[in-house]
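Asks: Protein chains in written order, with my numbering: chain A, 1 to 335; chain B, 1001 to 1538; chain C, 2001 to 2293; chain D, 3001 to 3270; chain E, 4001 to 4330.
We put the beta carbon where it would ideally sit given N, CA and C, even for glycine.
Below are the structure tokens for one structure; questions will follow.
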Amino acid sequence: MDEDDQRDERAADRSPLLEVRNLVKRFPVRHGLTQRLAGHVAAVDGVSLTVGPGETLGLVGESGCGKSTVAKLITRLERPTSGSIHFAARDLAGLNETALRPLRRDLQMVFQDPFSSLNPRHTVRQILAGAYRYQGLEPDQPAEELLARVGLEAGHADRHPHEFSGGQAQRIGIARALALRPKLVVCDEPVSALDVSVQAQILNLLRDLQDEYGLSYLFIAHDLGAVRQISTRIAVMYLGSVVETADRDTLFAQPAHPYTHALLSAVPLPDPDLEASRERIVLHGDLPSPLDPPSGCRFRTRCLKADELCAAERPQLRTIALGQQVACHYPERTP
Amino acid sequence: TGGGGGAAGANAVAVKGGTLHVLSTLDLEHLDPARNYVTSSEDVSRLIYRTLTTFAAAPGQAGGKVVPDLATDTGRPSDGAKTWTFTLKPGAKFEDGRPITSRDVKYGVERTFAAELPEGPPYARMWLAGGESYKGPYKDPAGLASIEAPDDSTVVFHLNRPVADFGSAVSLPMFAPVPQDKDTGVTYDSRPFSSGPYKIDSFDPKKRLTLVRNTNWDPATDTVRKGLPDKVVIDLGLDTAVVDQRLIAGQGEDANAVAMEPIGPASVGRVLTDPQLKSRLVTGDSINTRYLSINTRHKPLDDVRVRQAIAYALDKDALRTTRGGPIAGDLATSLLPPSLGYQTEDPYPSKDGRGDPDRAKALLAEAGHASDLTLTLDAPASAAGKAQAEAVQASLGRAGISVKINEISSSAFYSTVGNTSQEHDLVIAGWSPDWPGASTYLPIVFDGRLITSQGNNDYAQYDSPAVEAQIDKIAAIGDPAAAQAAYGQLAQQIMQDAPVVPFLWDKAPILVGGNVAGAYGHVAYVGRLDLVSLGLRK
Amino acid sequence: MTVIRKLVSQRSAALAFAVVAGLVLLAVAAPLITWIAGSSPTAFHGDAVDPGLGGLPRGAAGGISARHWLGVEPVNGRDVLARVVYGAQVSLLIAVLATVLSVLLGTALGLVAGFFGGWVDTVIGRTMDLLLSFPSLIFMIALISAAPGTDRRLLLVVVLGFFGWPYVGRIVRGQAMVLARGEFVAAARVLGASRRALLVREVLPNLTGPVLVVATMSIPGYIATEAGLSFLGVGVQAPTPSWGQMIATAVPWYASDPAYFLIPGVFLFVTVLAFNVLGDAVRDALDPRSQRR
Amino acid sequence: MTLLTVRDLAVEFRSGVRAVDGLDLDLDTGRVLGVVGESGSGKSVTSLAVLGLLRDAQVSGEIRFDGQELTALDRRALRRLRGNRIAMIFQDPLSCLNPYYSVAFQIAEAYRAHHRAGRKQAHRVAVRMLDRVGIPEPERRARCYPHEFSGGMRQRVMIAMALCLEPDLLIADEPTTALDVTVQAQILQLLRELREEAGTAIMLITHDMGVVAGLADQVVVMHQGRAVERGPVRDVFHRPQEPYTRGLLACVPRIDGPLPDRLPTLGAIT
Amino acid sequence: MILYLLRRLAVTAAILLVICAATFAIFYLMPADPAQGACGKACSPERITEIRTTLGLNHSPLSQFGDYLTGIVSGRTYGTGEHAVNCPFPCLGFSFQTNQPVWQMLTSRLPASFSIAVGAAVLWLAVGVAAGVVSALRCGSLWDRAAMTAALGGVSLPIYFTALVLQYLLVVQLDLLPYPQVEPLTTDPVGWAQSMVMPWITLAMLYAGIYARVTRGEMLESLGQNYVRTARAKGLPEITVVRRHALRPALMPIVTIFGMDLGALLGGALITESVFGLPGVGKLAADAISSADQPVILGVTLFAASFVVLANLLVDLVYAVLDPRVRAVG
Ligand SMILES: Nc1ncnc2c1ncn2[C@@H]1O[C@H](COP(=O)(O)OP(=O)(O)OP(=O)(O)O)[C@@H](O)[C@H]1O
Ligand SMILES: Nc1ncnc2c1ncn2[C@@H]1O[C@H](COP(=O)(O)OP(=O)(O)OP(=O)(O)O)[C@@H](O)[C@H]1O
Ligand SMILES: [Mg+2]
Ligand SMILES: [Mg+2]
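See the structure below:
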């Protein structure tokens, strides 16, 4: 994979900031009255990713495919079952909480629900101070300054979260994440809970902050439009694994995985004429249960191209073009 | 109210038949004759089994007279009252029709020695020759040699000392006959074999005892029991207020009911102000004396002045009020009640028995305990026990003595205060002789030589050599009248030391249903109704 | 503070609040009140009762008179008013302290169980289940009667608090479980917060609402239980008065001297009711969802 | 022919919130009317007002359905209309299905509320409807409970329930918002087919401009309880008259077309 | 499912074991000596030792506890020889105060407790749930406020207070009912009912208040559910909407508390039975406590706890039947 990285135009000369390899997370699943152990969900099933400095990696996929779990593993809110998470030359996977603490300054997170990610009992000032306090640091910038950075007013500092709108609350969450001047911010669907107009504001804000502080983002979303807007590179997940990664433009112009293809064609376009004329690939069936994933290629149950090979053998990610990797036996685009 | 035991419905004629109901707030602790040593159980058991002698079925002091029951007379002493011979009446039968023999009496007494059957009176063990080492028929089937049954109708007791009133002692349930083949050991308690007018139909402890007629009981052999109702149903463990109110209302079956225990203080007002109710109230005299026991071995109670101060301070009237006021009895001024024929003058008098805190304070000051005297009172955790304890607390409080109350579960009360290491400073107690007279009272309660670490009756732990010498002297007196007079003097002698402060001579005001006849309080059963004489009018 | 404003804006809650405040005042001012009324909770007044009638108070309605504003107890003639106000002191104090104890225990253990989950939760959760399935009244009585000599008031507080904490613990555990999964806790963890900080700074402040509600709701429960235990004969020991004990002694008298039974009974009822109304109101005020008035 | 006409609709809640304020709508038989707008613009309230399902609210204005004035109808008549002639599907299909009853029961229940039909017959209708909305193995799945279905399947169940009585009007309140894009595509496809087959008019409520573009004939843009713009889909999308509509269209990041450096936004920071 | 049941039963047994051990331990902390209770007034030191031997009190606490547990599963014999006391299976101890096996005492008291609990439960369910439902449907109305005030009043009334006021009114003053007594239903149905009316009302007043409040809360909750809106949108008659879609889910939590309450009551309504003097398990407990009859206290505690624990189990199983979400996976 090192070769791929070298080929990556942005990260060519520098080593990646975050490098995730073969990450696996299994959860035990208990069921019903009996709380019987029904098995294990492989929420994340061998994910490998890299994020370079100043880069934004978009991670898209449908509900339940394991995006949030990836985010939680990287921020070590969950302990991985196996695999490695190299960040700033350390493998986070095995570290304990104490050893992690200093590293956390460089690795922050923005959450999906702006309200539930803010402690309702704390004022904005307390929330922001928490960033320093938990690291055992003295605040190096007042809350007002942090708020100003995300476009809020100084007067907001002494209010409680419920006194804000969703967009404002998400800005507070972003301010908190940025307080320690991290290198990488993992954003788990930061705009899905927001109204369309507010969504645009937050996307713009994230972009501005990236330019200003040279941040890297791991930007998780199921909304392809938002991902396209903010990402430089995009990874598509399906049922716990990455099926395709590509530069933004490549992915939208020439998707190689049948799933990516279907996904793109399913996004409704706000243009009646295009909608009327467009070729639609409507996938049949639902996402299979991660408790009992299909053999071989995870996507084969819904794939038009699937054959015995797909059922027998799980395709590995392979590079098919500059900056494009796909895990498919029959990619739409061949190298 | 006055002495003599008023008899409600005395002139009404009781007829044979019907179901008599008895409402009791207590439980019948033991029906097994070997273990039966509580007045209410004794009263009830007189319906079920017979003893060699028994008390006369009569109101007032006449009831204190011991008369022959199974025996033809009240016993024939010989060998200076060390040997007692009884002859059984012919024709007395058990419930299965077999005749009652002297062997059944012998066996019944032998049973009382068994450790499995505790709680009975101590007399057999104390008096019967060889009794100290006999372990009862279960361990020692050979029996006790000092009880002889030379033929079916003769039983001879050999005592280890002269006992003048052994004839009275054999009125106790422990002298009831028990056929050996009917002995079920510990479980005999719930179904003793009947020799009296009734046998047990069913018994549910703390709930109900149902007695039905014993057809093999021959009234001709029994001069005491009337055996009028066909059935006697005794409801147990009822609430005092409920018993009172049911009898006050007196409706339905309750017209055929009587109370087992005296009315509660809360009902006194209602009963006394209603002539109709008052006419259904039977007040029986008793030979019970209630007193506050002062632990003479605890400091500073070993100082007689402190004890006398307590005797002065105690508000006897307040204590009586907790039991229902004047109707509950007369204020006690000495140890022996007038119902036993004694003079009663109070060495620690106060106006209306309300106590004299000033005298008490003076005595305390003299003893050097004018302040800071704190005593602990052991009291049963019953409503009455608590009320009395509070009254003691309040009245001693007036004399500057602060009293802490130690509540003890009612059932464990006597065994706790009878344990000399667990007993505290003060105990509310009392004594009712086993038969009228002082012989089962003063020598048992005030003889310091009898103090045991457990099962002690001398809660004052009073131990006076002078008194003990006197007790021995009286025991040797053969003439009952002389003995009675000597006991009177002994009582006064004890009172000087104030080991106890008597405060009440009980009376038992008992409600009976409108259709019940033959009700009177029996002096031997602490003034409660003599159940064997009760009957219904129609 | 908005909570209090919300509370006072409801008429029933304001009334309940006033009653509770009044009762607390009554309890605190008990010595003053008895001084004004010239009575004492322990002094016998033999002249106020008629021994000839079994100790029934002289005069109408349980002996209500200028000297004894709420009458006297039968038998011993103690002043009912004095006993009621001192009884309020005892009953309220026991209930409040038992609440404090159960809230402390319940919050601490519930928080730990809910937050950490796993075997800690299993152990604490099972303990709570166990205590909840105890026939606690029987057990309390057995326990209290088994420990003579100790101060009953203290014992009551301990026993009530001990058997009460699982009720608090269950609620706190549930809340803590939800909160622990909350994103703001995850956010604090990402910032490097220690477990202690998470518990104390992040989760705990969010429990004040539910804890306040269970606390308010459990006070009337404890008052009633204390009274019930006194009623069953294992309450506060004489001569200290408590309402339950007053009612218990009044039981045999309920037909002959109803006032004696009714006065402490009504006080008890009103107190419990007021606390219940207040508890409801606090819950509604803290729970924006409920428009249940 | 106009099926539904709403004139000057206003809804005021007891709390004083004026959720809808002078709204006009027109929907022709067999056509699809898209109602778009941001969260809180009053879309759902409007739909509930049409069905008379609002509680604690003051509804004024006219709601004319197939010539009948709904606001004037008594409760019985309104009830007979619900489900039978106007059906509704909601955003969150899980919470909209009762967890205690099998899906077939819930569909059959709707059928039996308006037809004299035995349990068996109603059940058969339910199974047929499940088949029609594309649920595999309908016989078996009919006896399943809502929690045993995926989100898309549940929405299919809701649609089956709504369509089992062949209503004239289907009000779909954000029918795909809770679903993934691929599933959304399936549901939209299903709605398209149903509309073609049954000729049911649809009032499609959504905040997704793309969904409207793909399905609706007419569109109404709502903002703060009012319609700010209305017209045929093409006109509104290609030549929006109102700045608000223009903003709404522009601020959504798209997967096609040029990529702006910054997205245009609607007004100030909120 | 069978496995689950077995596991639950094992847990239940474990809980009972712990309760048993805890209760047992308390009696070792208790200064009162069971032998002293059985020995009574005229008790000599030798006798007490003999009684202690018979009762096995001279063994270590642990081995006594072992004996106790053995007794439960296989019965036991106190003392030795011809006149030993046999306490057959299931031996929850033997009361030497009443000379009965505790189990026999419990079972003889159960009918009274059962009558009280079941009758009261029927009454409070009918009244409480109905009042709660109506209140929820007319939330905010005069009826609602009146019913909820009454419910709160019922909840706040101490049981013994209600009981005695009832008795004063119905028995002492109005003479409508006799004093409660135990009449078996089979021999005297009228007397049985008459004696049960007051305990029923007493308990029902408390619990109906609780249930009305809970029902109302749950009903409001379920009435606000989206599926109720769906049901209305389907055009179902309002009565069906309420009954089928609002009440049914609202009853689920009520099943839980009902199971627990009934379980607790079957284990004896301590205060009610004591006040009315009805010989149920609760009265047995009260009496045993006041007479320090420790084997009985221990037995009642265990007995009452088993009802609660079994009720718990039963509630869970009922849940599994009623709630498809729990039922399906398992
Ligand atoms: N703590 C957990 N225990 C058991 N299963 C879990 C846990 N967390 C996640 N899962 C399962 O793992 C899978 C992936 O979940 P995850 O939250 O990562 O998905 P996601 O892609 O973020 O979905 P969404 O778009 O809905 O946020 C899901 O099937 C989920 O049910
Ligand atoms: N029951 C109610 N009581 C009071 N206000 C309400 C109620 N229901 C809705 N509202 C208010 O009415 C307004 C419109 O709500 P509505 O649900 O119609 O919005 P919407 O356009 O459907 O939004 P969304 O896209 O979030 O579903 C909102 O401001 C909301 O707060
Ligand atoms: Mg997620
Ligand atoms: Mg809506």
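1) How big is the Cα-Cα spacing for E1366(B) and F1503(B)?
2) For chain D, check one thing: does any of its Cβ atoms lie closer than 9 Å to the Cβ of K163(A)?
3) Comparing the CB of K25(A) with every heavy atom of ligand 3, is any distance shorter than 8 Å?
4) Do T232(A) and D247(A) have their C-beta atoms within less than 9 Å of each other?
5) Within 9 Å of any Cβ in chain C, is that where the Cβ of H122(A) sits?
6) With a threshold of 8 Å on Cβ separation, who are the neighbours of S265(A) within its own chain once the five nearest residues in sequence on each side are excluded?
7) Answer yes or no: does any C-beta atom of chain E fall closer than 9 Å to that of A3113(D)?
8) How long is the line joining the alpha carbons of S3015(D) and D3021(D), rounded to whole angstroms?
9) Would you call the CB atoms of V1258(B) and G1521(B) closer than 9 Å?
10) Please name the residue in A3104(D), Q3155(D), F3149(D) and R3141(D) whose C-alpha comes closest to that of Q3184(D).
11) Listed from N- to C-terminal order along the chain, which residues in the segment 314-330 of chain A have their beta-carbon within a distance smaller than 7 Å of any beta-carbon of chain D?
12) If I measure Cβ to Cβ from V2168(C) and keep anything under 6 Å in the same chain, skipping five residues before and after, which residues do I get?
13) Whole angstroms are fine: how far does the CA of A221(A) sit from the CA of I172(A)?
14) Report, in whole angstroms, the separation of the C-beta atoms of A2048(C) and G2114(C), which I expect to be a contact under 8 Å.
15) Taking any heavy atom of ligand 1 as the mark, which residues have a C-beta closer than 5 Å to it, listed down the chain?
16) Can you tell me whether V4073(E) is buried or exposed? The criterion is at least 16 other CB atoms within 10 Å of its CB, across all chains shown.
17) Tell me which residues of the segment 262-283 of chain A have at least one Cβ-Cβ distance to chain D shorter than 9 Å, keeping chain order.
18) Just confirm the distance between the C-beta atoms of T1083(B) and P1229(B), as a whole number of angstroms; I'd bet it's less than 8 Å.
19) For a cutoff of 9 Å on Cβ pairs, would you count Q4173(E) as touching chain B?
20) Rounded to whole angstroms, what's the CA-CA distance from R298(A) to P190(A)? Just pull it up for me.
21) Please check if any C-beta of chain E sits within less than 9 Å of the C-beta of V1022(B).
22) Who are F3013(D)'s beta bridge partners in DSSP?
23) Just to confirm, does E138(A) get its C-beta within under 8 Å of one of the non-hydrogen atoms of ligand 3?
24) Taking Cβ positions, are Y1462(B) and L1335(B) nearer each other than 9 Å?
25) Less than 6 Å between C-beta atoms, sequence neighbours within five positions excluded: which residues of the same chain meet that for R4216(E)?
26) Which residues mark the beginning and the end of the beta strand (DSSP E) in which W1505(B) is found?
27) Alpha carbon to alpha carbon, what distance is there between A2281(C) and S2290(C)?
28) Check F219(A) in the structure and name its three-state DSSP category.
29) Whole-angstrom Cβ separation of A4026(E) and A2146(C), contact assumed at under 8 Å?
30) Would you say S3044(D) touches ligand 4, meaning its beta carbon is less than 8 Å from a heavy atom?
31) Cutting at 7 Å between CB atoms, please list the residues of its own chain near I4015(E), excluding the five before and the five after it.
32) Am I right that E244(A) and Q316(A) are in contact with their C-beta atoms under 8 Å? What's the rounded C-beta distance?
Replies: With the given structure in hand:
1) 25 Å
2) Before going further, note that residue 163(A) is Glu rather than Lys in the sequence given. No, its Cβ sits nowhere closer than 9 Å to a Cβ of chain D.
3) Checking every heavy atom of ligand 3 against the Cβ of K25(A), none is found closer than 8 Å.
4) Cβ atoms of T232(A) and D247(A): closer than 9 Å.
5) yes
6) R278, E279, R280 and I281
7) yes
8) 15 Å
9) No; because the gap between Cβ atoms is not below 9 Å, this pair is not in contact.
10) Q3184(D) has its Cα closest to that of Q3155(D), out of A3104(D), Q3155(D), F3149(D) and R3141(D).
11) With the criterion set as a beta carbon lying under 7 Å from some beta carbon of chain D, the segment 314-330 of chain A has no members that meet it.
12) S2102, V2103, G2106 and V2214
13) 20 Å
14) With a Cβ gap of about 57 Å, A2048(C) and G2114(C) do not count as contacting.
15) F27(A), V41(A), A43(A), S63(A), G64(A), C65(A), G66(A), K67(A), S68(A), T69(A) and P290(A)
16) exposed
17) When C-beta distances to chain D are compared with 9 Å, the residues of the segment 262-283 of chain A below that value are A262, L263, L264, S265, A266, V267, P268, L269, P270, D271, P272, D273, L274, E275, A276, R278, R280, I281, V282 and L283, in chain order.
18) Actually they are not in contact, since the Cβ atoms of T1083(B) and P1229(B) sit about 40 Å apart, beyond 8 Å.
19) no
20) 27 Å
21) no
22) A3057(D)
23) no
24) no
25) G4132, S4135 and A4136
26) In the DSSP assignment, W1505(B) falls within the unbroken beta strand (DSSP E) covering V1500 to L1511.
27) Per-residue confidence for S2290(C) stands at a pLDDT of 46, beneath the threshold of 50, marking its modelled position as unreliable; the derived number appears in the next sentence. The alpha-carbon atoms of S2290(C) and A2281(C) are separated by roughly 10 Å.
28) strand
29) Rather than Ala, the amino acid found at residue 4026(E) in this sequence is Ile. For a cut-off of 8 Å, the C-beta gap from I4026(E) to A2146(C) is around 6 Å, short enough to register as a contact.
30) yes
31) V4309
32) At roughly 12 Å, the Cβ-Cβ gap does not stay under 8 Å, so E244(A) and Q316(A) are not in contact.
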